[in-house]
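Peer 1: Protein chains in written order, with the working numbering: chain A, 1 to 111; chain B, 112 to 225.
Think of the CB as a built atom: it goes at the ideal place given N, C-alpha and C, for glycine as much as any other residue.
1. Using only the alpha-carbon positions, how far apart do residue 74 of chain A and residue 53 of chain A sit?
2. Give the single residue among A:110, A:109, A:104, A:111 whose Cα lies nearest to the Cα of residue 3 of chain A.
3. Find the residues of chain A that neighbour residue 216 of chain B, judging by a C-beta separation of less than 7 Å, and give them in chain order.
4. Which chain A residues sit within Cβ distance under 8 Å of residue 213 of chain B?
5. Of all the residues that make up the stretch 145-158 of chain B, which are near chain A by a beta-carbon distance shorter than 7 Å?
6. Look up residue 194 of chain B in the DSSP assignment and say whether it is helix, strand or coil.
7. Is the stretch 207-216 of chain B close to the stretch 135-143 of chain B, with three or more CB pairs under 8 Å?
8. Within the 8 Å Cβ cut-off, does residue 177 of chain B reach chain A?
9. Quick one: list the residues of chain A neighbouring residue 199 of chain B, beta-carbon separation under 8 Å, in chain order.
10. For the candidate residues B:218, B:127, B:114, whose alpha-carbon lies nearest to that of residue 200 of chain B?
11. Please check the pair residue 71 of chain A and residue 100 of chain A, which I expect to be a contact at CB under 8 Å, by giving their CB distance rounded to whole angstroms.
12. Which of the three DSSP states, helix, strand or coil, is assigned to residue 82 of chain A?
13. Anyone know if the C-beta pair for residue 131 of chain B and residue 193 of chain B falls short of 8 Å?
14. Could you tell me whether any non-hydrogen atom of the ligand MN is closer than 7 Å to the CB of residue 178 of chain B?
15. Across the stretch 120-127 of chain B and the stretch 24-39 of chain A, are there enough close Cβ pairs to call them in contact, namely three or more that are closer than 8 Å?
16. Provide the residue(s) that pair with residue 188 of chain B in DSSP beta bridges, ordered along the chain.
17. Suppose the cutoff is 6 Å on Cβ atoms and the five residues either side in sequence are ignored; what does the same chain contact list for residue 129 of chain B look like?
18. Which residues in chain B sit within 7 Å of residue 20 of chain A, going by Cβ to Cβ distance?
Shown next as structure tokens:
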């Protein structure tokens, strides 16, 4: 079961690009990487998912190097409303699975 | 498309009591997982159900239990409540519970134990 490590917290200013890296050294061949965003007193919500290389959607990009031992969530031009906790989750496509969330990264966007 | 519904949203109990929380997954989702979230411990996995069977369990005492019904709705129960059980309890549903499936979370049930 791949364990994830992320920075505990990050600060950024509005309009900047923010990159949050997640380390998952023992990722398995079948594991996907999924990122979630959580606001206070709400459930996490899906941001983006990938397996390798780069994935982009309307809110974020996910960069995964060839060895897949880490991944980077990129948030372009953040705003105050992006202040939240971001979690990466690594898990297999099949078999029984435990959803083990790491500590998450608390992003604070400053005006 | 309705989201994941958790009830009740807030509740207050006293030590020694028990509590039952309910989770209605997105239609068509067969996997439901439960989490406890506290400021000090973050998001901790409780258990996961698929087709009425518990497939995985986190490191919680036996006071924490759950079940899933044939319509995929799930309940979790905490007996003999302790002060430390005060937390936000979240459930999430997904199609099959694999790591490639996206989890959709409910808004949570906030339990306060006095």
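Peer 2: According to the structure data:
1. Translated into the one-based positions of the first chain, residue 74 of chain A becomes position 74. Translated into the one-based positions of the first chain, residue 53 of chain A becomes position 53. Using only the alpha carbons, I get a separation of about 13 Å.
2. Along the first chain, read from residue 1 onward, the residue named residue 3 of chain A stands at position 3. Minimum Cα distance to residue 3 of chain A is reached at A:104.
3. Numbered from 1 along the second chain, position 105 holds the residue referred to as residue 216 of chain B. The contacting residues are 43, 44, 45.
4. Translated into positions along the second chain, residue 213 of chain B becomes position 102. Residues of chain A passing the Cβ test: 34, 46, 49.
5. 153, 154, 156
6. Taking the second chain and counting its residues from 1, one reaches residue 194 of chain B at position 83. Residue 194 of chain B falls in the helix class under three-state DSSP.
7. yes
8. For the purposes of this step, residue 177 of chain B is taken as residue 66 along the second chain, with counting starting at 1. Not an interface residue.
9. Sequence index remark: in the second chain, residue 199 of chain B carries index 88 (1-based). In chain order: 41.
10. What you label residue 200 of chain B is simply residue 89 of the second chain in a count that begins at 1. Ranking B:218, B:127, B:114 by Cα distance to residue 200 of chain B puts B:218 first.
11. Residue 71 of chain A sits at position 71 when you count from the first residue of the first chain. Residue 100 of chain A sits at position 100 when you count from the first residue of the first chain. In fact, because the Cβ distance is near 16 Å, the residues do not count as touching under 8 Å.
12. Position 82 of the first chain holds residue 82 of chain A. Three-state result, residue 82 of chain A: helix.
13. Counted from its first residue, the second chain places residue 131 of chain B at position 20. Counted from its first residue, the second chain places residue 193 of chain B at position 82. For residue 131 of chain B and residue 193 of chain B, no; Cβs fall outside 8 Å.
14. The ligand MN is not among the ligands present in this structure, which contains no ligands whatsoever.
15. no
16. Here residue 188 of chain B corresponds to residue number 77 of the second chain, with the count starting at 1. In the DSSP output, where bridge partners are listed per residue, residue 188 of chain B has B:131, B:176.
17. Counting from 1 along the second chain, the entry for residue 129 of chain B is found at position 18. 190, listed in sequence order.
18. Numbered from 1 along the first chain, position 20 holds the residue referred to as residue 20 of chain A. Chain B residues near residue 20 of chain A: none, gap ~16 Å exceeds 7 Å.
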